[in-house]
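Here is the structure we will look at, set down as structure tokens.
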Amino acid sequence: MRVQHRHIIYVQGYDPRGLAQYYRMFRTELRKFGRLYDLATTVSRPKGPPEGETASWSIETTGAGWHTRTDYDFLRWEDLIQRDLAWPVWRTLAYAIAIYWRLVFSGTMGRFWSAHWRFATFISYPHVLLLNEAIWSAGIAWAFGWGLQALGIHGFLAAAAPLAYSSPCSERCSRPRKITPICSI
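As structure tokens, this is what we get:
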């Protein structure tokens, strides 16, 4: 028995590019799919209010002796993602670290490890990388300060040098981030 009509509700991941980029990618991959399997495919333009919560389109796929129509609803989260990206980076990092440690102390991470190591690794990996970066940065700053002291520069100035070096980063990290779509529909 062939499926003649499908309805897909797609909940996008945490991707700030939004509808325009996703629809373009969807259309491109649908064309590749059609060529690969020698199928006739058509896709309609997205419908729905420009700032609405959903956008919908339909796909017609035809092969030898069969035809399937798919109604595709794309749930839009760009507004939520843009609001999160407006936070300064330092605040996002502090929030992510707090959430991770809450997972550790509540026992949730232990349950993830019990369920399967891949779940725990997926959640822990960014935090391990962040910790690794912090350790390396502290080590480089310490070596830099030690080198300045070895050159006879006073300890206060040696301690201030890494801070002065990092000030452009602190300004950049406190600016809100704005991601705009790559293309329009």
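Heads up: the sequence shown begins at 183 in my numbering, then just goes up one per residue. No residue lacks a Cβ here, since even glycine has one placed at the ideal position from N, Cα and C.
- Taking C-alpha positions only, L333 is separated from F304 by approximately 45 Å.
- Taking 8 Å as the cut-off, the Cβ atoms of E235 and R258 count as close.
- Residue pairing from DSSP places D253 in a beta bridge opposite H189, S240.
- L311 is classed as exposed because its beta carbon has fewer than 16 other beta carbons within 10 Å across all chains shown.
- DSSP places A222 outside any alpha helix (DSSP H); the residue lies instead in the beta strand (DSSP E), whose first and last residues are 222-225.
- For K229, the beta-bridge partners assigned by DSSP are S238.
- For the set L221, P228, R217, the Cα lying nearest the Cα of H249 is the one of L221.
- When secondary structure is reduced to three states using DSSP, W269 falls in the coil class, being assigned neither helix nor strand.
- Annotated three-state conformation of W248 is strand, per DSSP.
- In the three-state scheme derived from DSSP, where H, G and I count as helix and E and B as strand, P198 is classed as coil.
- Under the Cβ criterion (8 Å, minimum of three pairs), the stretch 253-272 counts as touching the stretch 184-198.
- DSSP, reduced to helix, strand and coil, places R184 outside both helices and strands of the structure shown, so it counts as coil.
- If you draw a straight line from the Cα of R293 to the Cα of T274, it is about 25 Å long.
- F338 and F326 have their C-alpha atoms roughly 13 Å apart.
- Closest option to R284, judged by alpha-carbon separation, among Q203, F215, S306: S306.
- Membership of G321 in the alpha helix (DSSP H) is indicated by the continuous run 299-332.
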